[in-house]
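Q: Protein chains in written order, with my numbering: chain A, 425 to 726; chain B, 8 to 322.
Here a beta-carbon is modelled for each residue, glycine too, at the ideal position from N, C-alpha and C.
No experiment lies behind these values; they were computed from the predicted model shown.
This is the structure I want to talk about, given as structure tokens.
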């Protein structure tokens, strides 16, 4: 018990919400100035985001257009990144693939954050057996690695983009719930909450006015940081052949399709893989920057 | 102390029960009728009915759950509907050792390389070494492991022909052959983990090295290696053990993908194939096994805290 309490307190301490509401904008400007890598990473992530948003205008071909003369063509003027075994343009598919990556990433993180907020709030506010039971339930969810959890949901739900979003989202509820609970416990122990209680302020009002605002902000930071995790898990699902179905231009699926040709047409896997790796690294640098900015303990380490 | 340990164990038992209930419901929620799957396309109403009774599927759910759990604990995990072989043999005796060996090799590699790299990075703080280690740690933890595996296959397997690109040789039968086959999968699986260990070791050691007792040890004239590896690392062990224990789930997560990339017959492949073949009993067994493995490791980590750090011994 001692050990868990210690680590919970430690987690709580590292995620204290700053009071400033305007902080995000200024924080990003500060970050760019303080470390150039953050700026580059943010630009790369932004480029991916723009490519995803304007895919029909940016991509040279339709993602499922099959150029029958150029099967497995190496990179050329007509096909900048080459074509796959169906003659589909890899660059166009990678650009459209960014849409699916972001769509799945955003939506599943939303599901995970909302679910985690509900369970974490309940576990942090209620006491006694209900809290204990809820936390054991979260422990049980956390015991299953997120990918295996998502695979399990897929086995029940079936395949497809919407199913992948649900599966990855449900699998992320556990970690969100745990951090929300830690934050709730920390806020609840503070003097102003206690004072409000002593002044006879309504319990629901305390939760709404005092506890929720202090929990939402760190949750939002967490959600941003975890988008890359959602993209990683969903592309893993597709790579295993359990996620979205062909011919959807999903990166994980494309990497898996190119696997059979790796010895003589390495770019079929290589191009989508490079896109995925680049985006994940960029998002992770951006995530680290955001987390550090809002995390007094981490900042003092530097 | 004993009371605390017992409480922890009790808590773990409850979590195990919840995991078992979750894996039981996988089978119940799964689409399709298992009886129909077993009988094939043509069957009579009577044979359908009698098989349902025989399998106990006509009884209330809680009763089915208790019955299932009792049989599961005894190692009777049912038979695969498709291949009609015992699942226990397939999942526990054949697939699990492959995954465990892969995970152990990856873990060993991650510690052997990651800890010294983290120490180097902390001791030579703010130098080129530190920056290189930070870059490695960042790239390694964000890089998708299945893509890394494919790159390794392409470079070391296909282009250079140094390592086999697929297959598993049990190291207990042929150690060097096994190690040779396991090398690339282990590197693939260990990279994100190694990156994490570098990061944790560096962050904690930097903090520890600023403590007065380290200055005192230096002032006594103790050699630098002793100050770092004996005095310093002792206080880094604890967070390191926590991370290694708690990240076992991540390791299993990576194992699923690594096994698919390198065609290793482990638990991850087993679960993936089972989902593709709609063999929910096997999915259930896989979920149960991974869940138990992670939960029991977490218990061991929790129980080891007081051993590693005397300050945490409950009075």
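What residues in its chain sit with their C-beta under 6 Å from that of residue 503/A, if we drop five residues either side in the sequence?
A: 497, 513
Q: Would you say residue 499/A faces chain B, with C-beta separation under 8 Å as the test?
A: no
Q: So within the region 474-549 of chain A, which uninterrupted alpha helix (DSSP H) runs reach at least 4 residues, ignoring any that extend past its ends?
A: Runs of the alpha helix (DSSP H) inside the region 474-549 of chain A: 479-482, 514-549.
Q: Tell me, please, which residues DSSP counts as bridged to residue 341/B.
A: Past the boundaries of the shown model lies residue 341/B; chain B is included only from 8 to 322, so the question cannot be answered.
Q: Are the CB atoms of residue 271/B and residue 192/B nearer to each other than 8 Å?
A: Going by C-beta atoms, residue 271/B is nearer than 8 Å to residue 192/B.
Q: Count the other C-beta atoms from every protein chain shown that fall within 10 angstroms of the C-beta of residue 24/B, then say buried if there are 16 or more, exposed otherwise.
A: With fewer than 16 other Cβ atoms from the protein chains shown falling within 10 Å of its own Cβ, residue 24/B counts as exposed.
Q: Just how far apart, CA to CA, sit residue 661/A and residue 116/B?
A: 26 Å
Q: Keeping to the same chain, check which residues put their C-beta closer than 6 Å to that of residue 400/A; ignore five residues upstream and five downstream.
A: Coverage of chain A is limited to positions 425 through 726, which leaves residue 400/A absent and any answer about it impossible.
Q: Report the residue ranges of all beta strand (DSSP E) runs contained in full by the region 207-282 of chain B; include only those spanning at least 3 residues, in chain order.
A: none
Q: Mind listing the chain A neighbours of residue 148/B? Cutoff is C-beta to C-beta under 8 Å, in chain order.
A: 708
Q: Secondary structure at residue 726/A, three-state DSSP: helix, strand or coil?
A: Caution is warranted here: a pLDDT of 37 is assigned to residue 726/A, below 50, making its placement in the model unreliable, and the coordinate value is therefore given only provisionally. Three-state DSSP puts residue 726/A in coil, outside helix and strand.
Q: Nearest-angstrom Cα distance between residue 64/B and residue 595/A?
A: 29 Å
Q: Could you have a look at residue 320/B and say whether DSSP puts it in helix, strand or coil?
A: coil
Q: Taking its Cβ as the centre, do 16 or more other Cβ atoms sit within 10 Å of residue 57/B, making it buried, or is it exposed?
A: exposed
Q: For residue 16/B, collect the residues of the same chain with a Cβ closer than 6 Å to its Cβ; drop the 5 residues on either side in sequence, then sort them by chain order.
A: none
Q: What is the rounded straight-line gap between the Cα of residue 10/B and the Cα of residue 542/A?
A: Straight-line measurement puts the Cα of residue 542/A at about 33 Å from the Cα of residue 10/B.
Q: Does the ligand NAP have even one heavy atom less than 7 Å from the beta-carbon of residue 92/B?
A: Only the bare structure without any ligand can be found here, which leaves the ligand NAP out of the picture.
Q: Please confirm whether residue 576/A has its beta-carbon closer than 8 Å to some beta-carbon of chain B.
A: yes
Q: By the three-class DSSP mapping on this structure, what secondary structure does residue 181/B have?
A: In the structure shown, the three-state DSSP call for residue 181/B is coil.
Q: By Cβ distance, which residues of its chain are closer than 7 Å to residue 314/B, with the 5 residues on each side in sequence left out?
A: none
Q: What did DSSP end up calling residue 435/A once you bin it into helix, strand or coil?
A: At residue 435/A, the pLDDT of 43 sits below 50, so the modelled position is not reliable; the number obtained from the coordinates is stated separately. In this structure, residue 435/A counts as helix in the three-state DSSP scheme.
Q: So, helix, strand or coil for residue 707/A, using DSSP?
A: Looking at residue 707/A - three-state DSSP - the assignment turns out to be helix.
Q: How would you call residue 578/A, buried or exposed, if buried means at least 16 neighbouring beta carbons within 10 angstroms?
A: buried
Q: What does residue 697/A reach in chain B if we use C-beta pairs closer than 8 Å?
A: 151, 154, 157, 158
Q: To the nearest angstrom, report how far apart residue 575/A and residue 506/A are at their CA atoms.
A: If you draw a straight line from the Cα of residue 575/A to the Cα of residue 506/A, it is about 32 Å long.
Q: In chain order, what residues of the region 528-551 of chain A put their CB closer than 8 Å to some CB of chain B?
A: none
Q: Below 8 Å on the Cβ atoms is my contact criterion, and I expect residue 592/A with residue 525/A to pass it. Report the Cβ-Cβ distance as a whole number of Å.
A: About 12 Å; that fails the 8 Å criterion.
Q: Just to make sure I have the definition right: I need the residues of chain B whose C-beta is within less than 7 Å of the C-beta of residue 665/A. Which are they?
A: Per Cβ cutoff of 7 Å: 283.
Q: Cα-Cα, which of 150/B, 54/B, 247/B is closest to residue 198/B?
A: 150/B
Q: Identify the contact partners of residue 492/A in chain B, using a Cβ-Cβ distance below 7 Å as the criterion.
A: Correct list: empty, because the minimum Cβ distance to chain B is about 27 Å.
Q: Mapping the DSSP letters down to three states, classify residue 428/A as helix, strand or coil.
A: Caution applies to residue 428/A, whose pLDDT of 40 falls short of 50 and renders its modelled position unreliable; the value that the coordinates give is listed next. Residue state, collapsed to three classes: helix.
Q: Which chain A residues sit within Cβ distance under 7 Å of residue 64/B?
A: Here the premise fails: no neighbours, minimum Cβ distance about 18 Å.
Q: So what's residue 674/A in DSSP terms, helix, strand or just coil?
A: coil
Q: For residue 260/B, which residues in chain A fall below 7 Å Cβ to Cβ?
A: 569, 570, 571, 572
Q: Sorted by chain position, which residues of the same chain lie with C-beta nearer than 7 Å to residue 185/B's C-beta, five sequence neighbours on each side aside?
A: Cβ-Cβ distances below 7 Å link residue 185/B to 176, 177, 178 in the same chain, with the five nearest sequence neighbours on each side left out; the list follows chain order.
Q: Which residues in chain A sit within 8 Å of residue 145/B, going by Cβ to Cβ distance?
A: Contacts between residue 145/B and chain A, judged by CB atoms closer than 8 Å, involve 705, 708, 709, 712 in chain order.
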